[in-house]
Structures are given as C-alpha cells and as structure tokens.
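Numbering-wise (my numbering), the sequence shown opens with residue 35 and increments by one.
Cβ atoms here follow ideal geometry from the backbone N, Cα and C, with glycine treated the same way.
Treat the numbers as computed from the prediction; the structure is a model and nothing was measured.
Okay, so here's the structure we're looking at.
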Amino acid sequence: MKNKLTIAEIVSNQLEDMIAEGSLQQGDQLPSERVLAGRLEVSRPTLREAKQILISKGLLKSHQGGGTYVTSSLNSSISDPLMNLLKERPEFKFDILELRHTLDSEAAFLAASRATATEKENIKEKYDIMVGFHLKREDHVASALADINFHLSITEASHNIALLHITRSIYDVLLTSIENNLQYLYTIKGVEKSLTSQHKLILDSIIKGDSEAAKL
C-alpha cells in the first residue's frame with residue numbers, strides 16, 4: 035500500500051506540472067509566496083516545504099534575498115553534447131534539419147486539432163513578428179529567434195508535454211541550425227517569399243483545424 039502524499043508533496047507536484055506544461059519556464063522567478071500560496075490555496079509554510087522538495091530535485095534554485103527561480107540549466111545534459119557535435123562535425127547539420135522537420139511537423143499536426151483560440155492568436159502574433167524579420171532579411175540571428183519562437187508557440191499548442199520538453203531540451207541546437215540555414219538562404223534572391231508562404235500555410239492550417247495540411 036502506497037503512503038499517502040503530504041500536502042507539501044501534492045503542492046510540489048502541482049509546481050512540477052506547471053514547469054512541465056510551460057506555465058513556469060526555465061529562468062523564471064516564482065511569484066511571491068503570498069501570491070503563489072493564494073493561487074495554490076495553501077499556507078506559506080506548506081509552500082516553502084514544497085519548494086524545498088523541488089530545490090532538492092534540482093528543478094528550482096533559491097537566491098538569498100532574491101527569490102526562487104526555475105533552474106535555467108535543466109536541459110544542458112542533452113543540448114551540450116549535440117552542440118559540441120554540431121561544431122566538430124558540420125555534416126551533422128543535415129541530421130538536425132531532419133530532426134527539426136520531424137518535431138515541427140508533428141507539433142503542427144497536433145496543434146491543428148488541440149490549439150485553443152488564445153493559442154491560435156499567440157501563434158498568429160509570433161508569425162507576424164517572424165514575417166517582419168524575414169521580409170527585411172537584415173539580421174539572420176534575430177530572424178532565427180523569431181522563427182523558432184513561432185514554431186515553439188505551435189509546440190506549446192500541441193499539448194504534448196513530452197514533445198514540448200524534447201524541443202526545449204535542444205532549443206539551442208535548433209536555434210543554431212536555423213541561424214546557419216537563414217544565413218545561407220538570405221543570400222538567395224526572393225527567398226523571403228517562399229519562407230513566408232510556407233509558414234503561412236502552416237498557420238492557416240492550424241487556424242482552420244486541418245491537421246493533415248499542417249503536417250508539411
């Protein structure tokens with residue numbers, strides 16, 4: 035027979051779910067104890083105990099006099115080796131391109147049937163920002179950031195926690211891949227048209243709820 039969870043353990047599980055779902059992201063500072071305790075409907079001592087559980091797991095980090103933060107290096111164990119491999123073996127970039135396509139395609143497929151109205155609005159906002167950068171073709175680094183944020187908003191709308199965590203765990207690798215790709219593509223005349231039209235098709239398919247069309 036399993037031991038019954040304490041209130042602090044239940045609260046720690048709730049906080050862990052918030053991290054897993056993206057409500058609390060890497061590097062985020064937790065709300066004040068008063069606000070968070072009120073939101074979770076628990077006492078402050080219970081909340082402190084719950085936070086200590088997550089600190090011991092390495093999910094939270096406490097700064098003396100500066101609050102409690104979600105650990106910012108949660109994914110380094112996956113990302114760092116891939117980054118090193120990408121630097122040491124340039125040919126590996128094609129594997130990353132295939133991985134990007136697989137992750138983005140599945141995320142779009144799921145988001146088309148699961149995204150809420152608010153999430154669709156967020157995806158549209160991220161799309162508009164990204165298009166603005168692509169049309170200017172002035173800064174491939176800033177464009178890459180806007181591009182990955184567009185795709186990440188889709189992944190968040192997929193409501194698949196495993197897919198979201200995998201994507202976040204290799205965020206730096208994916209961002210570097212997009213930067214390298216755009217640096218080359220921006221040398222091609224008229225490429226911004228194909229870039230924007232391809233992403234527009236994904237956006238429209240998600241808004242319409244057409245999973246198959248969204249899965250390019």
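Check	Outcome
Minimum length 4: unbroken alpha helix (DSSP H) runs contained in the segment 114-202	127-148, 151-170 and 174-191
DSSP three-state assignment for Gln232, whether helix, strand or coil	helix
CB contact flag (Ala191, Ala149, <8 Å)	yes
3 or more residues per run - each beta strand (DSSP E) lying fully within the segment 40-67	none
Under 8 Å between C-beta atoms of Gly92 and Leu64	no
Pairwise C-alpha distance: His185 and Thr15	The structure shown does not extend to residue 15, since the chain is modelled only from 35 to 250, so the question has no answer here.
Other residues of its chain near Ile87: CB distance less than 7 Å, five sequence neighbours each side excluded	Ala42, Glu43 and Ser46
Classification of Ala151 by the beta-carbon crowding that lies within 10 angstroms, buried from 16 upward	exposed
Closest by C-alpha distance to Lys242, when choosing among Ser187, Ala142 and Met164	Ala142
Where Lys242 sits in the DSSP three-state scheme	helix
Cβ shell of Ala176 (< 8 Å), same chain only, five flanking positions each side left out	Phe167
Residues near Met164 by beta carbon distance below 6 Å, same chain, minus five either side	Ala180, Asp181 and Phe184
Test item: CB-CB of Asp231 and Ala146 under 8 Å	Here the sequence assigns Ser to residue 231, which means Asp is not the residue at that position. For Ser231 and Ala146, no; Cβs fall outside 8 Å.
Distance, Gly61 Cα to Gly72 Cα	22 Å
Range covered by the beta strand (DSSP E) that runs through Tyr220	Tyr220 -> no beta strand (DSSP E), and no H or E assigned at all.
Chain-order list of residues whose beta-carbon lies under 7 Å from that of Met35 (same chain, five-residue window excluded)	Annotation note: pLDDT 44 at Met35 (below 50); position unreliable, no value reported.
Simplified DSSP assignment, three categories, for Val104	strand
Proximal residues to Asp138 (C-beta, below 6 Å), its chain only, five neighbours per side dropped	His185
Pair within 8 Å by beta-carbon distance, Leu70 and Leu81	yes
DSSP state of Lys249 mapped onto helix, strand, coil	coil
Given Thr201 as reference, the closest of Phe128, Lys38, Val104 and Thr136 once Cα atoms are compared	Thr136
Cα-Cα separation between Leu250 and Ser228, rounded to whole angstroms	14 Å
Cβ neighbours of Lys28 in the same chain (closer than 6 Å, five flanking residues each side left out)	Not covered by the structure: residue 28. The range shown for the chain is 35 to 250.
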